[in-house]
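All remarks here apply to the structure that follows.
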């Protein structure tokens, strides 16, 4: 069975299609008005003109015929009376059957006019005397009379006063080869009709202008909307790959949507962080228990070996050949005891907490490590903030963290360098930064440096940073690292202040990370 299927288009095409449909009908109406409606006015004007031409020619021809039938008239008075009588007789029927038609007669010999009918059938006018009316009408038609006498032929003209417009048709009346009179017929152009053409043109162009402005404004709005939706789409596609990406700021409703999406992304990232924190905590707890059990199992044989070595040491020292093997055995026993102690520290829960002044603690550490720094050619620079709030923690554990970071920095600069230790207040906690100018850490190794037993040094246990991170986590803080090969490394430790029991975020690393 055949079925119509409509493929969804882009929002740009959908909006443009809707706007096009909405604009077609008004545009067609305007085109019709411009092309066809004006013809109606022209047709009405032509009908009026044809009617006046017929009436004017009728009056002129009839009056000339009547004059010819009367024969020769020598006296001007008799000619005038004859013209007036004929005019009154002919125009009575015209003005009676056509209200709004005014007929006039201009007598060239006496330069006076005769009027029959009224133009203003459609509105009241201020009262005026007959003499005033004749004088006004003569002034209105004077220009047409002069043009007719000069041309000696019928003419059509549109007369105009300060408040009126009218169409008139003037015909010269000949007698014995001379123009003895001018007869005219005129009809008033109604104000609505008279002004319709100008008003319609004004309305057309105003409407078209407003219409064009609306179209341009609509298209600009559509393009802005489409551009905003495109940015929103690109941002969502990037957000799908990386929750750290944020949508750009946008005005209006799209900006509200963008901010809502950014807020959702932050919540999702926080959720992932908490899940990762929980997973790592469980992993470290399991690993701690395993390491503790292994350390206890290793400690027993090592203790036995150490006891036996101490028992036979006095006798073996008498033999010169046994001194060197004896020293090697003692060194290996000490090394394994140290490793076991580190394993036990990794799996051992934290001790009681107390207020700790980090500036004083760091001063003690740098003082005790002064000889180590000099031996390796490392210059120490300290920038300790004043009025640093105390933190709640285990002094020995924190000392172990900072000492480990200092030793790692020295080992990263075998040819000497500069170690900078800084403290500062950060939000509701304290930051401690160890920054060296060493060889740096590759991006690949950065992902693993806090994992237990991962080491980049020959002979290292790989537990120093893992234990340090666990100690900091127990304190409710976080430790972050930033490094580039050849540009040194910076470790940042965040610890909550004494009155704040929650961790913070440092350079993207969160508490318990």
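In our numbering, the protein residues as written are 217 to 729.
We put the beta carbon where it would ideally sit given N, CA and C, even for glycine.
Shown here for residue 460: same chain residues with a beta carbon closer than 8 Å to its own, the five before and five after excluded, namely 485 in chain order.
Contact check for residue 399 against residue 276 passes: the beta carbons are separated by less than 8 Å. Selection 354, 306 and 317 evaluated against residue 328 yields 354 as nearest (Cα-Cα). Residue 333 sits close to residue 307, with the two beta carbons spaced by under 8 Å.
Rounded to whole angstroms, residue 351 and residue 432 show a C-alpha spacing of 56 Å. Between residue 373 and residue 360, the C-beta gap is smaller than 8 Å, which places the two residues in contact. Below 8 Å, too few C-beta pairs join the region 582 to 595 and the region 691 to 702 to call them touching: fewer than three.
According to the DSSP assignment, residue 288 belongs to no beta strand (DSSP E), since it is labelled neither H nor E.
By the C-beta density criterion, residue 708 is buried, having at least 16 other C-beta atoms within 10 angstroms.
The beta carbon of residue 390 lies closer than 8 Å to those of 280 and 396 in the same chain, with the five residues before and after it left out. Using a Cβ-Cβ distance cut-off of 8 Å, the region 571 to 586 and the region 656 to 669 are not in contact, since fewer than three pairs of beta carbons, one from each stretch, lie closer than that value. Only exposed fits residue 597, as fewer than 16 other CB atoms lie within 10 angstroms of its CB. Fully enclosed alpha helix (DSSP H) runs of no fewer than 4 residues occupy 539 to 563 and 574 to 584 of the region 513 to 590, in order along the chain. Each residue's CA atom was taken as its position, placing residue 624 and residue 443 some 51 Å apart. Pairing residue 335 with residue 312 gives a Cβ-Cβ distance that is not under 8 Å.
Only exposed fits residue 435, as fewer than 16 other CB atoms lie within 10 angstroms of its CB. If you ignore the 5 residues before and after residue 651, its C-beta comes within less than 6 Å of the C-beta of 636 and 706, all in its own chain and listed in chain order. Between residue 620 and residue 684, the CB-CB gap stays under 8 Å. Here DSSP, grouped into helix, strand and coil, assigns residue 623 to helix. According to DSSP, residue 684 shares a beta bridge with no other residue. When secondary structure is reduced to three states using DSSP, residue 658 falls in the coil class, being assigned neither helix nor strand. For the options 330, 314 and 318, the alpha carbon positioned closest to that of residue 299 is the one of 330. For residue 652, the three-state secondary structure derived from DSSP is strand. In this structure, residue 546 lies away from residue 539, with their beta-carbon atoms at least 8 Å apart.
Of the other Cβ atoms in all chains shown, fewer than 16 fall within 10 Å of the Cβ of residue 439; this residue is therefore exposed. Nearest neighbour of residue 278 by Cα position, chosen from 477, 258, 453 and 305, turns out to be 305.
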